[in-house]
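Enquirer:
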Amino acid sequence: MRPQQVRPVGLYQDVPYDYAAIAPAGGLVFTAGACPLDSVGGVVAPGDLEAQARQALDNLLVALAAADSSPAQVLKTTIYVVAGDRSELVRVWNVVAERLRPARPPSTLLGVALLGYPEQLVEIEAVALSGANAPRGA
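If you use the working numbering, the sequence shown corresponds to residues 5 to 142, in order.
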């Protein structure tokens with residue numbers, strides 16, 4: 005069996021990967037790192053950690069919805085932040101925590117030197133439940 009690949013309409017299509025993959029039998033969704041890209045592939049809000057976190061989350065939630073999932077079904081996130089100080093990590097974490105609330109999935113928060121797109125400061129990936137395996141509500 006092969007995973008079902010997900011490429012939602014409305015997200016930038018000229019990326020070299022699928023936005024999510026659903027495990028066979030509709031069990032788990034593994035997302036690509038959601039980047040702060042607009043629909044034509046531009047990085048939004050250069051220099052603004054919080055705005056980039058919000059856009060990355062918007063894109064992540066589109067990918068999850070296309071895979072029949074939602075924030076309440078997220079099992080784990082990994083959050084990458086180009087940061088020189090822990091306070092910058094916390095600024096992004098606060099945006100993520102607020103947006104996913106009331107869910108509080110286990111998460112890994114990492115400071116990194118750089119990410120894939122010029123001026124990109126944030127990237128967020130998730131593992132979630134999908135479809136019939138996803139309990140609804142928080």
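Quick reminder that beta carbons are idealized off the backbone N, C-alpha and C, glycines included.
Leaving out the 5 sequence neighbours to the left and right, which residues in its chain are closer than 7 Å to L79 when beta-carbon positions are compared?
Expert: Excluding sequence neighbours, L79 sits near P109, V131, A132 and L133.
Enquirer: Quick check: the Cα distance between L3 and P75, rounded to an integer number of angstroms?
Expert: With the chain represented from 5 up to 142, any question about residue 3 goes unanswered, as that position is not in the structure.
Enquirer: Quick one: what does DSSP say Q8 is sitting in, helix, strand or coil?
Expert: Residue state, collapsed to three classes: strand.
Enquirer: Is it right to say Y118 is buried, meaning 16 or more other beta carbons lie within 10 angstroms of its own, or is it exposed?
Expert: It is worth fixing the name first, because residue 118 is Leu in this sequence and not Tyr. With fewer than 16 Cβ atoms within 10 Å of its Cβ, L118 is classed as exposed.
Enquirer: Report all residues from its chain with a CB closer than 6 Å to the CB of G37; omit the five preceding and five following residues, and keep chain order.
Expert: Answer for G37: E127 and E129, listed in chain order.
Enquirer: Grab the span of the alpha helix (DSSP H) containing A27 for me, first residue to last.
Expert: Per DSSP, A27 belongs to no alpha helix (DSSP H) and is neither H nor E.
Enquirer: Excluding the five sequence neighbours on either side, which residues of its own chain have a C-beta within less than 8 Å of the C-beta of Y16, listed in chain order?
Expert: Within the same chain, Y16 has close Cβ partners L41, D42, S43, V44 and G45.
Enquirer: Taking buried to mean at least 16 other C-beta atoms within 10 Å of its own C-beta, is T35 buried or exposed?
Expert: Its Cβ being crowded by 16 or more others within 10 Å, T35 is buried.
Enquirer: Note the first and the last residue of the continuous beta strand (DSSP E) segment covering A36.
Expert: First-last for A36: undefined, no H or E at that position.
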